[in-house]
Structures are given as structure tokens and as C-alpha cells.
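Structure first, commentary second.
Number of protein chains: 2
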Amino acid sequence: MTIQQLLDMELPIIQAPMAGVQGSALAVAVSRAGGLGSLPCAMLSLDAMRDELNTIKSQTNKPFNVNFFCHTPPTPNAEREASWRTTLTPYYQEYGVDPDALPTGAGRSPFSLVAAEVLEEFKPAVVSFHFGLPSTELLERVRGWGAKILSSATTVEEARWLEARGVDIIIAQGLEAGGHRGMFLTDDLTTQCGTFALVSQIVQAVDVPVVAAGGIADRAGVSAAMALGAAGVQLGTAYLLCPEATTSKVHRAALQSKAAHHTAVTNLFSGRPARGIVNRIIKDLGPINSETPEFPLASAAIAPLRVQAESKGSGDFSPLWAGQNVGGCKEISAAQLTRELAVGL
Amino acid sequence: MTIQQLLDMELPIIQAPMAGVQGSALAVAVSRAGGLGSLPCAMLSLDAMRDELNTIKSQTNKPFNVNFFCHTPPTPNAEREASWRTTLTPYYQEYGVDPDALPTGAGRSPFSLVAAEVLEEFKPAVVSFHFGLPSTELLERVRGWGAKILSSATTVEEARWLEARGVDIIIAQGLEAGGHRGMFLTDDLTTQCGTFALVSQIVQAVDVPVVAAGGIADRAGVSAAMALGAAGVQLGTAYLLCPEATTSKVHRAALQSKAAHHTAVTNLFSGRPARGIVNRIIKDLGPINSETPEFPLASAAIAPLRVQAESKGSGDFSPLWAGQNVGGCKEISAAQLTRELAVGL
Chain A
63 MTIQQLLDME LPIIQAPMAG VQGSALAVAV SRAGGLGSLP CAMLSLDAMR DELNTIKSQT
123 NKPFNVNFFC HTPPTPNAER EASWRTTLTP YYQEYGVDPD ALPTGAGRSP FSLVAAEVLE
183 EFKPAVVSFH FGLPSTELLE RVRGWGAKIL SSATTVEEAR WLEARGVDII IAQGLEAGGH
243 RGMFLTDDLT TQCGTFALVS QIVQAVDVPV VAAGGIADRA GVSAAMALGA AGVQLGTAYL
303 LCPEATTSKV HRAALQSKAA HHTAVTNLFS GRPARGIVNR IIKDLGPINS ETPEFPLASA
363 AIAPLRVQAE SKGSGDFSPL WAGQNVGGCK EISAAQLTRE LAVGL
Chain B
63 MTIQQLLDME LPIIQAPMAG VQGSALAVAV SRAGGLGSLP CAMLSLDAMR DELNTIKSQT
123 NKPFNVNFFC HTPPTPNAER EASWRTTLTP YYQEYGVDPD ALPTGAGRSP FSLVAAEVLE
183 EFKPAVVSFH FGLPSTELLE RVRGWGAKIL SSATTVEEAR WLEARGVDII IAQGLEAGGH
243 RGMFLTDDLT TQCGTFALVS QIVQAVDVPV VAAGGIADRA GVSAAMALGA AGVQLGTAYL
303 LCPEATTSKV HRAALQSKAA HHTAVTNLFS GRPARGIVNR IIKDLGPINS ETPEFPLASA
363 AIAPLRVQAE SKGSGDFSPL WAGQNVGGCK EISAAQLTRE LAVGL
């Protein structure tokens, strides 16, 4: 069965959920165009999530995807927080940020019973997870209204783990991909494979359909992914310049600059490895720092710097998420982009 | 013009030169089968190189490729050597290696005037370089007998640099690739792109034909690379189990074990980043160590440990070069493998 049949959509194109840079507008546009639009909920309050879901439901009858993180929230570690804030002190001084007035809290919540309850009011046809899967109870709840389940694998082992738990479609997230690595069975970055090697091996290891993600930017990339045996593709970066995305001004500028050709997997912004454009903070501290508070706690310490820098037009402290191929980023409507990616499919 | 026309061969398949694990036999088998066989010369003396070239010439009239490294030999740094040997001391003790009797010298020589002189006796149709290009004088000398020049690019910048210097075909070496990263304009590993992202971008950046390398293991991978716009493919890992390769016993065993699914880019074995199967020394010291002597000097300190461990059937200290996809490794003849990769092309 093709993923178009499985998900009742026209095109084997999934718009990657991208928390912080898009909401319902992008999801609606892609779903209406025949692809699968996605609403990222990791950074939404329950009320905001309900509003966004209402908006989508009021604007399209097409299937769409609702995405959640499913990490285990860490116990804050005061010592580690203090050490990390000390590392950032020179920047706090430079920007006049009071380190004693830093926000606390996680910023990103995992999928939960209350989220499932809100979600059930809308019964979306597709629910996807990042960082593995939620508890069996929560997963069964989602399956209860007939939703298809998607999750990302960054290794063959993760793909087999997801298949064993009944996931309907596996997203093979190659190392080229922008944003957070979905890795959940390991935290060893050397296990992370390029899209070419990963898709090829996951397709051979599992029986469920595999969607390729990472480094795909255009129609040729879609064909190549299909040639490797993928049943579809998931693209995020390519949609970042679409008017329907909420990508910030500094992020848009960075994507259109030469800087966009150099990305790195970094844990500075959230505590988990994620790919973004190399900016000042990554250059200064190195992309991976063992001192960062655990995901998602690290975001609190850097957030005020980001706000201050962005107010001056600088992305020096912003997570400028992007994959290793920004060649597909265009300032065209998400519908047009979706159709261009699928010409002749 | 296709690379088959340009190089006067039947199939757009290049066997990657792999110093230390193959010689003329593999090159002859692949060239005879219609692909482009390669003879790696980085670890050969001039006499050995002449012998190998004689062997190839006596066994086939088909075009073949002769490959050289073109690094700048470093100045040995006694302090760094000493520090590195101190790091390795526990292993020397474990294996009864006398640290005062370690071999010295580089182990790998760059392309040189004397090498060019030997090469000119044979006038090979194709000469390829790793780590950039040799001096203009040396390059002109090689061009003098009509050889086509190939070199590897690991970034778009390197591809443009090579094109500007008249390289006939650029090998886009994605991060999945086994063995030494060909990087030469940067030593920052975060610049290294997965094959999917790299091929796609280099194809758009240059006008010369681009050959895809890294993570390609089978016919589907070849199709995918062509769909991305590559004019051909270069595979190394897939040939490592062929009887014509000189892959060691421990290396063959590792490639056929579960361990082969976890590789890392490491500088422990030579001083330059290269991808190999994660073994004890990589686990113990981490894949990238800032203390290693400069390439290629690092190999001397580890060589006796390798010999000792291999004599006991262990690959704990061996460079078990492999790419991120060993799915194509088969114990079949190189000719059969080459033909399987090209079915229907």
C-alpha cells in the first residue's frame, strides 16, 4: 500500500513539523495542496493547540498530521544550570541581561494525557512523534480514534523498535536533516547516518513504508529518495521561506545568506542535538557542549540573549534550524512548492 | 558528455581507490568488467607501484585509474609525538610493545615528481587525487600524456575550486563514505555533508560531471545517485569482501559482523579524519583526538599495536575502514559486483 492510500492523500510529500517556525497556516496550505501538512505542538499550550486545531479543521477537510515530542522531562540540576550560566555570563554582560531574572521551565512539553484529551476532540487522521513514542496507554488512546502513527528513526535499530510497536510509517531522518535529531535509543552522534545510507538500510530492515527525510530539496531529491526505496519524503527546510511559515526575520535572512551553507548539529539551544546554521554562539562555544542543561531545559538560559540579539537584527543567539541543503528554499507559496516537489509523481 | 564517453569505459561505475586493502587485482577485475578500476598508490614504494602498473598493463587494455594523495608532509613535532605515545602507553604495556622501538616515518607519501616519472612510463588514462590537487607543474605533467584528472570534493567550495583548476570529473564524497575524508580547504568536520545533500548541491554548482560517493551499496543506490544528477558513482566499501581485494582477515570479519553497522569518522589511525568501524581504540579514546600527530605521522605510533592485536585475531587497533552502508558487501567477484551495480544502466 502506498502512503497516499494509507494516509488518504494525493502526494507522497510530508511537510515536516517545525516547532517555533510554523503553525496551522503552513499545515493547511500543504494539506490542501495534496501533501500532508503538519502541526508541531511541542511548544504550544493546550489552549494554543486547540485554537490551531480549530483553525485547521475550519479550513480543510484533508488529512493533516499533529506532531508531539515524547521525551522524558529531566530533573533540573542546579549545579549544571549554574555552570552553564557561568559559561554564558560574558554574553549576559554584553547584552545587559540579568542572570538572576532568567526564565525557568522547560519550554517544550512531551505528549501527555491532557494533550491526548484535547487531540481527541479533533481526531486527526495522523499523529507523529519525535524522540520515540509515548507510553503504550497514550499510544493506544491515539490509535483509538483510528489515527495513523508516524515516528522518526535515525538508526536501523530505532526503525526496528518502532516497527515492533506498530508504527504505521517510519520517517528515516538522515543526518542532513534540520532541527532536532529524533534519536532516542542512543545519544552517540557517531551512530547517525546520512540520508543515503540510512534510507537504504531502513527500507531493507522493516516492512512498513519508509519516508525519507534530510537533505531533500527539490524534485530530483524526491526521485532519488524513491529510487532508494522510500515510499515518500518529508521536507522541512524547503518550506521555511514560504509566506505561510512563521520563520523569523533573522532566520529568513540567514537562510538566504551564504551562512546557510554551513550548518552544524548543536545542543546549545535546547540540550539535544539539532541541526542549525552556524552562528556566533556555535562558533564561540563549539556546536556540542557537555555542560548544557538537559533537554529541553537548556533553552531557558539562552532565550533572553536570543530576544536581545534579534531585537537588534542579529541571529547570533538564535536557533537557526536548517538542514544541509537550503537549495530548495524559495519564497513561494507552500502549495506551489508542494506541487513542484511532486511534478509527475 | 557522459563519464563513460569521457573515460572510454562501458559503465558509470568507479571502484574507489583504497590504499592498504587492494592492489592491481581489484583494479584489473573492475576495469575488465567495464567499470573503472583504481590503483591506490599512497602506500606504495615507487618499485611496488611500477610492479603493480606492469601487472595491470599486462592484464587489461581497458582504462584504469591511478590514485595519489597530495597532502603537504608535516614537520614532525617531538612534543606532540611524545604526548600521543604517552596516551598509548597502557596499550604498549598490554601488548609488550617497546615504545622506544616504534617505527618512524610517514607511511604515506604525496604525489611527487619521481612518482610522475614512473607514472609517465605507463601513461594511465585516468589519474585521481585525494586531498585536493598536486602543484600546477605536477598536474600539467600528468595532463601532458592526456590523462583525465579526477579529485574529490567534500564541500561545494572544494568542488568549485577543483573545477576552476580544470579537473575533468569531480567526486562528491558524502559523509557516509568510508576511508579518508578528502577535505582540503577546511578541517572543520561540521562542513561535511551527507551524500544526498552534497551531490545535489555540487551538481548545481559546477559544470563538469559529478560522481557520487558515500553510502552507495547497490543498484538502487546507483539509480538514486543518478536521479540526484550524478553522472556516475564511486563505491569502495562494497568491494571490500571481493576475493580480489587484499582486505585483512580481521577487517573481513568485522565487515561481516554487527559491529560494521557502527562506523565513525576518526583521526586516530593517521591523523586525518577517516571513516572506519568503531573498535576498541575508538571507543576508548573517542574518534577524534586533538593530540594525534599530524597526518600521516599518527600511523607510526599505532602500527605495532595493530600488528600485535591482529596476530591474535583482533581488530582492536586496526583501521577497519568502511562506509555507513555495508549492505552491499558480498563475497562475490569484483566483476560480478560491478555488473550487478550497473544492471540496466
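Line by line, the protein sequences give chains A and B. Going by our numbering, the first sequence opens with residue 63, and the numbers climb by one from there. Going by our numbering, the second sequence opens with residue 63, and the numbers climb by one from there. Even for Gly, the Cβ is constructed at its ideal location relative to N, Cα and C.
In the displayed model, B/Ala292 falls within coil according to three-state DSSP, outside both helix and strand. Residues of chain B whose Cβ lies closer than 7 Å to the Cβ of A/His323 are, in chain order, Val218. Between B/Arg337 and the set B/Ala221, B/Ser361, B/Arg243, B/Ser352, the nearest pair of CA atoms involves B/Arg243.
Within chain A, not a single residue places a beta-carbon under 7 Å from that of B/Gln296; the smallest gap is close to 13 Å. By the rule that beta-carbons nearer than 7 Å mark a contact, A/Ala384 does not touch chain B. Under the Cβ criterion of 7 Å, A/Thr252 is counted among the residues facing chain B.
Ranked by how close their Cα comes to the Cα of B/Thr299, the residues B/Ile65, B/Leu69, B/Ala78 have B/Ala78 in first place. For the region 203 to 240 of chain B, the continuous beta strand (DSSP E) assignments of 3+ residues that do not extend past its boundaries occur at 210 to 215, 231 to 235, in sequence order. Interface residue (Cβ-Cβ distance to chain B less than 7 Å): A/Cys255 is classified as such. A/His192 and A/Ile364 have their C-alpha atoms spaced approximately 23 Å apart. Fewer than three beta-carbon pairs drawn from the region 130 to 143 of chain B and the region 110 to 120 of chain B are found closer than 8 Å, and the two stretches are therefore not classed as touching.
For B/Glu238, the C-beta contacts it makes with chain A under 8 Å involve Cys255, Gly256, Phe258, Ala259, in order along the chain. Considering only B/Val229, B/Thr354, B/Ser361, B/Thr216, the residue with the shortest C-alpha distance to B/Thr248 is B/Thr216.
Short of 8 Å from the beta carbon of A/Asn387, and not among the five residues preceding or following it, lie these beta carbons of its own chain, in chain order: Glu238, Gly277, Ile278, Ala279, Gly283, Thr299. Counting along the chain, B/His192 sits inside the beta strand (DSSP E) bounded by residues 188 to 192. Counting only Cβ-Cβ distances below 8 Å, B/Asn387 has contacts in chain A at Cys255, Phe258, Ala259, Ser262, Gln263, in chain order.
Per DSSP, B/Phe173 lies in no beta strand (DSSP E) segment and is marked neither H nor E. In the three-state reduction of the DSSP assignment, B/Gln318 falls in the coil class, being assigned neither a helical nor a strand state. In this chain, the alpha helix (DSSP H) harbouring A/Val261 covers 257 to 267.
Put simply, the region 305 to 313 of chain B touches the region 365 to 384 of chain B. At least three CB pairs are less than 8 Å apart. Taking a contact as a CB-CB distance under 8 Å, the pair A/Leu98 and A/Leu68 does not count as one, their CB atoms being some 11 Å apart. As a beta-bridge residue in DSSP terms, B/Phe130 pairs with B/Phe191. Using a Cβ-Cβ cut-off of 7 Å, B/Ser285 counts as an interface residue toward chain A, since at least one Cβ of chain A sits closer than that to its own. In the three-state reduction of the DSSP assignment, A/Val83 falls in the coil class.
B/Ser100 sits in a strand when the DSSP states are folded into three classes. With contacts defined by Cβ atoms closer than 7 Å, B/Met80 and B/Pro102 form a contacting pair.
Relative to B/Leu330, the option among B/His323, B/Asp346, B/Ala321, B/Ala316 whose CA is nearest is B/Asp346. Taking CB atoms only, B/Gly277 has a neighbour in chain A less than 7 Å away. When C-beta atoms of the region 255 to 265 of chain A are compared with those of the region 175 to 186 of chain A, fewer than three pairs fall below 8 Å, so the two segments do not count as touching. Restricting attention to A/Ala322, A/Leu367, A/Arg342, A/Ala362, the CA atom closest to the CA of A/Gly390 is found in A/Ala322. Shown here for B/Gly240: same chain residues with a beta carbon closer than 6 Å to its own, the five before and five after excluded, namely Gly298, Thr299, Arg337, Trp383, Ala384, Gly385 in chain order. The beta carbon of B/Ala316 sits no closer than 7 Å to any beta carbon of chain A. For B/Leu251, the closest of B/Arg334, B/Trp223, B/Glu179 by C-alpha to C-alpha distance is B/Arg334.
Interface flag for B/Gly291 against chain A is set, since a Cβ pair is found closer than 7 Å.
Not a single CB atom of chain B sits nearer than 7 Å to the CB of A/Ala95.
For A/Ile343, the enclosing alpha helix (DSSP H) begins and ends at 342 to 347.
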